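Undergrad: Count along the sequence shown from 1, then add 8; that gives the number in the numbering used here.
The following block contains the structure, expressed as structure tokens.
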Amino acid sequence: MTSTLTTAAAGFGTGLSLIVAIGAQNAFVLRQGIRRDAVPAVVGICALSDAALIALGVGGIGAVVVAWPGALTAVGWIGGLFLLCYGALAARRVVRPAGTGLETAGEPARSRRRAVLTCLAMTWLNPHVYLDTVFLLGSVAADHGPLRWTFGLGAALASVCWFAALGFGARLLSRFLARPAAWRVLDALVATTMIVLGVTLLAGS
Numbered sequence: 009m010t011s012t013l014t015t016a017a018a019g020f021g022t023g024l025s026l027i028v029a030i031g032a033q034n035a036f037v038l039r040q041g042i043r044r045d046a047v048p049a050v051v052g053i054c055a056l057s058d059a060a061l062i063a064l065g066v067g068g069i070g071a072v073v074v075a076w077p078g079a080l081t082a083v084g085w086i087g088g089l090f091l092l093c094y095g096a097l098a099a100r101r102v103v104r105p106a107g108t109g110l111e112t113a114g115e116p117a118r119s120r121r122r123a124v125l126t127c128l129a130m131t132w133l134n135p136h137v138y139l140d141t142v143f144l145l146g147s148v149a150a151d152h153g154p155l156r157w158t159f160g161l162g163a164a165l166a167s168v169c170w171f172a173a174l175g176f177g178a179r180l181l182s183r184f185l186a187r188p189a190a191w192r193v194l195d196a197l198v199a200t201t202m203i204v205l206g207v208t209l210l211a212g213s
């Protein structure tokens, strides 16, 4: 029992250390949380996607995918271009803000669909997700032998906790982002993050 809990805790800590770093996905979840736009869907997509990728890694798929490096190169180009486009849109909002501040009212259904599609793209078109979640976590989990699935469960739980805290806890910042200037600062940070990551992906592909 002690070894099981220790392994689960190791998986939780390892998974948390990989997803807490500032990135495109976290920046997007934070922005959606502050806007209160499709937060349950976005959090659910991120957490379930991580769980699926962790399961692939623990199951040994990572070693198989390594045999086709061209697939990661293609994903790197697609993901890099996507991040550059999203970063450009965020930068455009900084230069030409559309509103007067943060609006906490419900968003239209089309906005929710757009948020879901954007979240799916940011999650599955990011090669770093595969490298961290499938390959790295998968290899670490393999070291735990029969308890590798316990390790994976701990890592998946870390994803759930992190994205839930980021998405639902972001609304605490809404008071500070009620002013247009504060919202433009957030968009500037998002734009910078997206563009830097996009250029990094394209340069490394």
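Beta carbons: idealized from backbone N, C-alpha and C, even for Gly.
Computed from a predicted model, the values in this text were never measured in an experiment.
Only counting the same chain, and skipping five residues up and downstream in sequence, which positions put a Cβ closer than 7 Å to that of Val198?
TA: Ala35, Arg39, Ala98.
Undergrad: By how many angstroms is the C-alpha of Thr200 removed from the C-alpha of Val103?
TA: So the alpha carbons of these two residues sit roughly 13 Å apart.
Undergrad: What span of residues does the alpha helix (DSSP H) with Asn238 cover, start to end?
TA: Missing from the structure shown is residue 238; the chain here goes from 9 to 213 and no further.
Undergrad: Tell me which residue opens and which closes the alpha helix (DSSP H) that Leu174 is part of.
TA: Per DSSP, Leu174 belongs to the alpha helix (DSSP H) from 156-177.
Undergrad: Could you spell out the range, first to last residue, of the alpha helix (DSSP H) harbouring Ala32?
TA: That run of the alpha helix (DSSP H) goes 32-43.
Undergrad: Could you say if the stretch 152-165 and the stretch 12-24 meet the contact criterion of at least three C-beta pairs nearer than 8 Å?
TA: Contact holds: three or more Cβ-Cβ distances are below 8 Å.
Undergrad: So what does DSSP say about Arg104, is it helix, strand or coil?
TA: Residue state, collapsed to three classes: coil.
Undergrad: Does at least one heavy atom of the ligand PLP sit under 6 Å from the Cβ of Trp157?
TA: The ligand PLP is absent from the structure shown, which contains no ligand whatsoever.
Undergrad: Can you give the Cα-Cα distance for Asp45 and Val148, rounded to whole angstroms?
TA: Cα-Cα distance, rounded: 35 Å.
Undergrad: Whose C-beta lies closer than 8 Å to the C-beta of Leu13 among residues of the same chain, with five residues either side of it excluded?
TA: So the list is empty, once near-sequence residues are dropped.
Undergrad: Is Ile53 near Ala178, with beta carbons less than 7 Å apart?
TA: Against a cut-off of 7 Å, the Cβ pair of Ala178 and Ile53 comes out as no contact.
Undergrad: Alpha carbon to alpha carbon, how far is Thr15 from Gly109? Give it in angstroms, no decimals.
TA: The predicted model places Gly109 with a pLDDT of 48, which falls under 50 and marks its position as unreliable; any figure quoted below should be read in that light. C-alpha separation (whole angstroms): 46 Å.
Undergrad: So, are the CB atoms of Val66 and Val50 less than 7 Å apart?
TA: Against a cut-off of 7 Å, the Cβ pair of Val50 and Val66 comes out as no contact.
Undergrad: For Phe171 and Pro154, what's the separation of their Cα atoms in angstroms?
TA: Roughly 28 Å separates the two Cα atoms.
Undergrad: Quick one: measure Cβ to Cβ for Ala55 and Val124, integer angstroms, because I've assumed they're closer than 8 Å.
TA: Ala55 to Val124, Cβ: 14 Å. No contact.
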